[in-house]
Amino acid sequence: MQNDQKNKEAIMQVIENYYFKGIYEGNLTLLENVFHPEALLFGDVKGQPYAKTLDQYLQAVAGRQSPKDSGKPFGGNIISVKVVNSIAIAEVTVKMYDFNYYDLLSFHGFNGNWLIVNKLMSDVNYKI
Numbered sequence: 425m426q427n428d429q430k431n432k433e434a435i436m437q438v439i440e441n442y443y444f445k446g447i448y449e450g451n452l453t454l455l456e457n458v459f460h461p462e463a464l465l466f467g468d469v470k471g472q473p474y475a476k477t478l479d480q481y482l483q484a485v486a487g488r489q490s491p492k493d494s495g496k497p498f499g500g501n502i503i504s505v506k507v508v509n510s511i512a513i514a515e516v517t518v519k520m521y522d523f524n525y526y527d528l529l530s531f532h533g534f535n536g537n538w539l540i541v542n543k544l545m546s547d548v549n550y551k552i
């Protein structure tokens with residue numbers, strides 16, 4: 425149980441320092457370091473299906489103005505993290521541009537590093 429708590433704290437640091445920061449700054453290096461190279465992303469944006477490989481997602485990030493440069497409000501919030509041995513799920517929200525995203529991030533521990541192996545996301549209509 426103590427190990428699960430340490431892993432939970434490590435995952436929370438990864439989310440804050442790589443995932444949220446990478447999205448906010450549009451920093452591809454940070455995002456590449458938090459996602460497994462074969463990660464897949466699924467969900468919906470404005471009610472439309474969304475499915476991308478990591479490469480497609482990173483290309484989209486590279487092609488848009490970062491939330492930091494846009495001057496629009498940005499915020500990331502960790503709702504929960506559940507760890508079971510070498511796997512984990514994080515429930516987070518991300519406020520960026522005019523979107524409120526609800527994300528479920530699946531993690532796997534690789535050689536002491538926690539990487540996102542799958543991202544499920546939905547653009548929700550309520551404030552987060």
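The sequence shown begins at 425 in this note's numbering and counts up one residue at a time.
Where is the CB? At the ideal position from N, CA and C, for every residue including glycine.
Inter-residue spacing [alpha-carbon to alpha-carbon] between residue i and residue j
i	j	result
residue 510	residue 499	28 angstroms
residue 508	residue 427	10 angstroms
residue 474	residue 535	31 angstroms
residue 528	residue 432	15 angstroms
residue 516	residue 526	6 angstroms
residue 443	residue 463	14 angstroms
residue 460	residue 429	22 angstroms
residue 445	residue 523	17 angstroms
Cβ-Cβ separation, residue j to residue i (assumed contact under 8 angstroms), whole Å
i	j	result
residue 467	residue 530	That belief does not hold up - the Cβ atoms of residue 467 and residue 530 are roughly 13 angstroms apart, past 8 angstroms.
residue 543	residue 465	4 angstroms
Extent of the continuous alpha helix (DSSP H) run through residue i
i	result
residue 443	Here residue 443 belongs to no alpha helix (DSSP H), and DSSP marks it neither H nor E.
residue 483	478–486
C-beta atoms of residue i and residue j nearer than 8 angstroms
i	j	result
residue 435	residue 486	no
residue 478	residue 452	no
residue 447	residue 491	yes
is_contact[residue i, chain C] using C-beta, thresh 8 angstroms
i	result
residue 488	Included in the structure is just one protein chain, with no chain C present.
With 16 other Cβ atoms within 10 Å as the buried cut-off, status of residue i
i	result
residue 521	exposed
residue 503	exposed
residue 512	buried
residue 548	exposed
residue 505	buried
Span of the beta strand (DSSP E), counted from its first residue to its last, around residue i
i	result
residue 548	Note, residue 548: premise wrong, no beta strand (DSSP E); not H, not E.
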